[in-house]
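Data block below; observations after.
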Amino acid sequence: MTPQATGLLTSSEQEPTITQAKKGGCGCDSKSSATPEMDEKLKERIAKHPCYSEEAHHHYARMHVAVAPACNIQCNYCNRKYDCANESRPGVVSELLTPEEAAHKVLVIAGKIPQMTVLGVAGPGDPLANPEKTFRTFELIADKAPDIKLCLSTNGLMLTEYVDRIKQLNIDHVTITLNTIDPEIGAQIYSWVHYKRRRYRGVEGARILLEKQLEGLQALQEADILCKVNSVMIPGINDQHLVEVNKMIRSKGAFLHNIMPLISAPEHGTHFGLTGQRGPTTKELKEVQDNCSGNMKMMRHCRQCRADAVGLLGEDRSQEFTKDKFLEMSPEYNLETRQEVHEGIEKFREEIKAAKEKALETSQSAPVGQNNPKILVAVATKGGGLVNQHFGHAKEFQIYEVDGKEVRFISHRKIDQYCQGGYGEEATFEHIMKAIADCKAVLVSKIGNCPQEKLQQAGIHTVEAYDVIEKVALEFYEQWNRE
Ligand code: CLF
Ligand code: SF4
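And the structure:
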């Protein structure tokens with residue numbers, strides 16, 4: 209099966225030039241101390257997980273089912289009318305499902321989107337505050353769709369109680385949201401913690417939560433379950449402290465650290481929204497991520513998705529599968545078809561990897577210039593590791609840092625889609641410009657004359673190509689640096 213058949217490459221535009229396959233790493237920015245043998249095992253465990261492997265997120269999709277409504281703590285960035293803000297963009301409401309409805313939805317989507325490899329339970333409350341619904345859902349999926357990886361995201365309060373059950377169900381990926389290791393700071397982030405039938409406030413509540421989170425992390429390590437830690441970055445409260453958090457979670461065996469920006473608006477009705485607590489700028493976020501990245505793997509491609517998210521991380525197909533729609537659809541799960549699709553994706557991935565490595569080798573062997581400044585470029589992509597999206601169709605740009613020798617993914621930036629059917633392009637262009645003002649170029653499969661001229665006036669180059677992102681970025685850099 210070709211990648212086209214998976215729906216990843218649906219463009220009729222020119223195919224990329226790709227060469228022979230080679231083996232490579234997981235794609236996160238890492239300085240792993242694991243043995244080579246362990247590395248191979250780890251690579252296999254994360255190879256098809258779009259959150260645990262930056263490289264996999266270009267090819268594989270995840271879905272969430274919203275089966276867990278209750279929560280046992282109150283974070284100051286959360287309004288319980290909405291989804292859990294530890295894994296979701298604030299202000300989003302997901303449709304609540306029973307475990308049976310959720311299993312039906314998964315089997316429908318596993319057939320329609322065969323590149324969906326991971327099922328996560330991430331809300332709308334805390335999955336472990338709803339253990340029966342959460343574990344029943346996982347049991348049903350493990351039984352009916354054994355190739356789908358199971359993933360869980362929790363605030364960690366009840367983790368130690370459920371580690372055995374998690375292990376038993378073969379849930380190999382668990383996320384804990386851990387914002388601080390200092391109860392004094394915790395008291396500024398959590399209003400209360402409900403533990404063993406009592407409600408605790410202030411430092412006392414925070415201390416219980418933080419202790420349970422670290423114990424949970426340790427227990428996951430002992431059970432050999434991969435753990436990602438999410439931390440919400442809150443300027444003035446935990447921003448300076450996150451390097452300490454990073455050191456601590458590394459010492460306890462966390463695999464990946466995802467520092468997410470606080471998103472806070474008065475209309476979300478959260479404590480922080482109402483008290484005017486701001487979130488970090490993209491520059492502040494990057495600085496903290498960079499300060500931590502010498503220490504362990506950092507996740508930079510998180511989309512803070514909803515509790516009923518469906519699709520590649522950069523796309524949201526949840527509206528195609530609302531309850532009224534998916535209940536009318538028949539499950540089309542077929543293990544053989546899925547395996548064929550995955551083989552096609554893996555073959556394509558190897559080719560992309562080889563083309564990427566070739567482009568990097570060529571740039572590494574070029575003479576070192578006097579002046580190789582780092583620049584940012586904005587990439588329009590529908591996935592597959594390619595520049596393959598029209599400027600007017602992009603709903604986000606992936607931002608890469610290029611220095612002539614290396615190309616590093618650093619973030620994504622959401623934008624309003626430029627093509628509005630002839631109305632409103634002026635307004636959306638202004639928004640797009642704000643999002644990419646610090647970029648030297650946009651790399652797109654196509655762009656109209658009008659936006660191209662406007663970008664040119666703003667000093668931003670446009671590159672039209674249909675090829676591997678790293679290759680296009682390096683070629684642009686070489687030309688730009690010669691000018
Ligand atoms: Fe979902 Fe989370 Fe599992 Fe991924 S999401 S439960 S680890 S399958 Fe991923 Fe979404 Fe970011 Fe979460 S992009 S919010 S990190
Ligand atoms: Fe909200 Fe999630 Fe915090 Fe619970 S753990 S209060 S659902 S953000």
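Residue numbers in the sequence shown follow my numbering, run continuously in steps of one, and reach 691 at the last position.
Ideal Cβ placement from N, Cα and C applies to all residues, glycine included.
Let's test the definition: count the other Cβ atoms within 10 Å of the Cβ of residue i and tell me whether it reaches 16, buried, or not, exposed.
| i | result |
| --- | --- |
| S538 | exposed |
| H639 | exposed |
| R407 | exposed |
| D291 | buried |
| Q323 | buried |
| A588 | buried |
| K249 | exposed |
| S302 | buried |
| P581 | exposed |
| I604 | Per the sequence presented here, residue 604 reads as Glu, with Ile not at that position. Buried. |
| N387 | buried |
| D380 | buried |
| S573 | exposed |
| E678 | buried |
| T218 | Note that T218 scores 32 on pLDDT, short of 50, meaning its location in the model is unreliable; the coordinates nonetheless yield the value given after this. T218 should be labelled exposed. |
| C658 | exposed |
| G331 | buried |
| S459 | exposed |
| K289 | exposed |
| K357 | buried |
| T325 | buried |
| A635 | exposed |
| E691 | exposed |
| L418 | buried |
| Q664 | exposed |
| K533 | exposed |
| V371 | buried |
Tell me, please, which residues DSSP counts as bridged to residue i.
| i | result |
| --- | --- |
| I467 | S439 |
| E554 | Paired residues: none, contrary to the question. |
| Y370 | Bridge partners of Y370: none, in fact. |
| Y408 | V401 |
| Q597 | Per DSSP, none; premise fails for Q597. |
| M271 | L327 and V518 |
| V676 | L594 |
| A276 | P332 |
| T704 | Nothing can be reported for residue 704, as the shown portion of the chain is limited to 209 through 691. |
| F605 | R621 |
| T362 | I384 |
| K564 | In the DSSP output, where bridge partners are listed per residue, K564 has none listed. |
| Q426 | According to DSSP, Q426 bridges with nothing at all. |
| C283 | Y398 |
| M507 | N466 |
| L584 | E609 |
| R616 | E609 |
| K357 | V326 |
| L434 | H381 |
Can you tell which of the options has the C-alpha that lies nearest to the C-alpha of residue i?
| i | options | result |
| --- | --- | --- |
| M504 | P391, N454, K320 and R616 | N454 |
| Y626 | I254, I467, K662 and H266 | K662 |
| Q429 | K375, T478, R690 and R546 | K375 |
| I583 | I668, C510 and S501 | I668 |
| A310 | E423, K352, A274 and I393 | A274 |
| G394 | R409, A645 and Q628 | R409 |
| N378 | I433, K603 and D516 | I433 |
| F684 | M641, K642 and V615 | V615 |
| S439 | R373, Q527, I457 and G424 | I457 |
| V585 | K555, L521, I618 and N542 | I618 |
| G444 | M271, V437, P488 and C283 | P488 |
| L543 | V316, P354, H312 and R344 | P354 |
| N294 | Y541, M441, A681 and A567 | M441 |
| F346 | A431, H312 and H620 | H312 |
| I416 | K436, I389 and V496 | I389 |
Any beta carbon from chain C within less than 9 Å of residue i's own beta carbon?
| i | result |
| --- | --- |
| M324 | Going by chain labels, chain C is absent from the structure shown, which holds only one protein chain. |
Worksheet item: Taking a cut-off of 6 Å, which residues have a beta-carbon closer than that to any heavy atom of the ligand SF4, in chain order?
Response: Near the ligand SF4, meaning a beta-carbon closer than 6 Å to one of its heavy atoms, we find C279, I281, Q282, C283, C286, C292, A293, N294, G333, D334 and N363.
Discussion item. Closer than 8 Å is the cut-off here; do at least three beta carbon pairs connect the segment 473–492 with the segment 247–260?
Written reply: no
Worksheet item: Is it a yes or a no for the segment 648–658 touching the segment 590–600, going by three-plus beta-carbon pairs under 8 Å?
Response: yes
Worksheet item: If you pair each beta-carbon of the segment 492–501 with each one of the segment 543–563, do three or more pairs fall below 8 Å?
Response: no
Worksheet entry | Stretch pair the segment 460–467 + the segment 503–519: three plus CB contacts closer than 8 Å | Yes, they touch.
Worksheet entry | Validate contact between the segment 398–405 and the segment 469–477 using beta carbons, cut 8 Å, 3 pairs | no
Item to complete: Say whether the segment 364–375 touches the segment 329–339, bearing in mind that this needs 3 or more beta-carbon pairs closer than 8 Å, one atom from each stretch.
Response: yes
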